[in-house]
């Protein structure tokens, strides 16, 4: 669509600009300010230049948290994307089942994140949890507070439980937007269910699936509240993801300088990734219109 | 028939989806002593004592009121500022439009933990700590860009001839926008409000950091009470069940628009 050239449109964007600048630019400047100073207390600070950045980039625990984070986000995407699409394909297309499915799927998405952690804490504990006690009664020792592997399994289960519905809802919306004539044509051609999926449904869902992929990557990369409640980053540091490590550093140990340098590096990683994604997203949009 | 097998698998999945929630509901209807002594699949001796405690103790139920106040404030602010901006992005080309749009989106992707300390300092300086508006403003960081993004998608779906006809008919931009354009995209406004509600309701890191007592959200009260009085699983479960209720109500009201909204919008 051809747009009008008009720089007065800036006035319409001004309120958004002001409110986001207030809550993004000013705090970011504070972070930059911290990252180059050593702060002993109010009014006592020394300019240290890039020292915190050097220290942060060399921090072994940060590297570990970063790889853990990539592993976590990668696993999440590998499980949630195919599962979400399969659920969307299995969902009913009309009748009362549609409302029921949609409401059930949306339910986990509207639970506060720390309550998600609480739910899974109650559900998987070996003493009072249904899941924990069933696994243990089968003779497998399962305790997410003691074994790193069990903690990871619990976190993955929780994450898949929590967010697969979002992928399914988006995929379902994409499927519903395909005109009926495509299916009729496929039927006339005698296309198999797999061919219909591969050559009609999957290409048509590309747009929504890209968005699902982006949202899932971003949110899993920034995860904080759920593992904080469920494992607190432990046992040991086995589930300490980037956000958890950052909050530990900033609020727990009050190391403002290193925490600020860490914040900036973290933010730049996300920014770089999201710039790449944004370009991809734009191209997908263009591809659809053509 | 293939659909039958599919339906069974789907029903199985929904069963798994609801099981953890059911388990919490089960816990919430039992006393703590009962929970710790036996493991039962359903409450053998159901009691509402946990819920009664929450509804009669102000330090508990005020948490729900606080959460609802700042969520409502945030949704209102986000929609009010995002509507004109989304219109500008969908209709006009202006200096720096693409850059601003991208910059807005980066805020949706910024790690909340990065902003934690600066926010605390900023709102302390302004004397806004422990107020509802502080949390509402903090949540604007991710909800305003999201609202602009979704609304722009809906607005671009409306042909520009409608605007042109209205302007020829002598409508001013504000009058056209309020009386003609917003009614046309009301489904989009609904979907946007839903997402603003959702993300503000589920966020806790900011909400917990920026409040002390007067505006403390329910999620934070849950964790605080645990550390203060030891673990009362039944009480915690009851509080958790009650946090699901507002969300469930909202879903129920928008269920018929949800699939359509997801497809048209961009989330």
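Chains as they are written, first to last, in this note's numbering: chain A, 1 to 290; chain B, 291 to 557. For each residue, glycine too, the CB sits at the ideal point set by N, CA and C. None of the values given here were measured: they were computed from a predicted structure.
Item: Classification of residue 248 of chain A by the beta-carbon crowding that lies within 10 angstroms, buried from 16 upward; Value: buried
Item: Given 8 angstroms, three or more beta-carbon pairs between the stretch 480-494 of chain B and the stretch 110-122 of chain A; Value: yes
Item: Span separating the alpha-carbon of residue 436 of chain B from that of residue 398 of chain B; Value: 7 angstroms
Item: Neighbour-count burial assignment, residue 198 of chain A, 16 or more Cβ in a 10 Å radius; Value: exposed
Item: Per-residue burial, residue 410 of chain B [other beta carbons within 10 Å of its own, 16 or more giving buried]; Value: buried
Item: Any C-beta of chain A under 7 angstroms from that of residue 530 of chain B; Value: yes
Item: Beta strand (DSSP E) segments (min. 3 residues) lying fully within the stretch 17-104 of chain A; Value: 37-41, 44-47
Item: For residue 306 of chain B, three-class secondary structure by DSSP; Value: helix
Item: Residue 465 of chain B versus residue 273 of chain A: straight-line alpha-carbon distance, rounded; Value: 41 angstroms
Item: Close beta carbons around residue 376 of chain B, own chain, < 6 angstroms, minus the five adjacent residues each side; Value: 438, 441, 442, 445
Item: Residue 564 of chain B, enclosing alpha helix (DSSP H) - first and last residue; Value: One cannot answer for residue 564 of chain B here, as it falls past the ends of chain B, which runs 291 to 557.
Item: Beta-carbon separation (whole angstroms), residue 558 of chain B vs residue 250 of chain A, contact threshold 8 angstroms; Value: Residue 558 of chain B falls outside the range modelled here, since chain B spans only 291 to 557, and no answer is possible.
Item: Residue 488 of chain B, enclosing alpha helix (DSSP H) - first and last residue; Value: 476-492
Item: Touching by the beta-carbon criterion (3+ pairs, under 8 angstroms), the stretch 171-180 of chain A and the stretch 200-208 of chain A; Value: yes
Item: Touch test, the stretch 68-79 of chain A against the stretch 217-233 of chain A, Cβ-Cβ under 8 angstroms, three pairs minimum; Value: yes
Item: Inside the stretch 161-190 of chain A only - alpha helix (DSSP H) runs reaching at least 4 residues; Value: 180-188
Item: CA-to-CA distance, residue 419 of chain B to residue 503 of chain B, given in whole angstroms; Value: 10 angstroms
Item: Residue 256 of chain A: contacting residues in chain B (beta-carbon distance under 8 angstroms); Value: 407
Item: Terminal residues of the alpha helix (DSSP H) in which residue 450 of chain B lies; Value: Note, residue 450 of chain B: premise wrong, no alpha helix (DSSP H); not H, not E.
Item: Rounded C-alpha distance that separates residue 294 of chain A from residue 17 of chain A; Value: Coverage of chain A is limited to positions 1 through 290, which leaves residue 294 of chain A absent and any answer about it impossible.
Item: Per-residue contacts from residue 123 of chain A into chain B (C-beta, under 8 angstroms); Value: 309, 310, 313, 314
Item: Stretch pair the stretch 137-154 of chain A + the stretch 84-98 of chain A: three plus CB contacts closer than 8 angstroms; Value: no
Item: Residues near residue 289 of chain A by beta carbon distance below 6 angstroms, same chain, minus five either side; Value: In this prediction, residue 289 of chain A has a pLDDT of 41, which is less than 50 and means its spatial position is unreliable; what the coordinates show is noted afterwards. Nothing listed; no residue qualifies.
Item: Residue 218 of chain A at chain B interface by Cβ criterion, 7 angstroms; Value: yes
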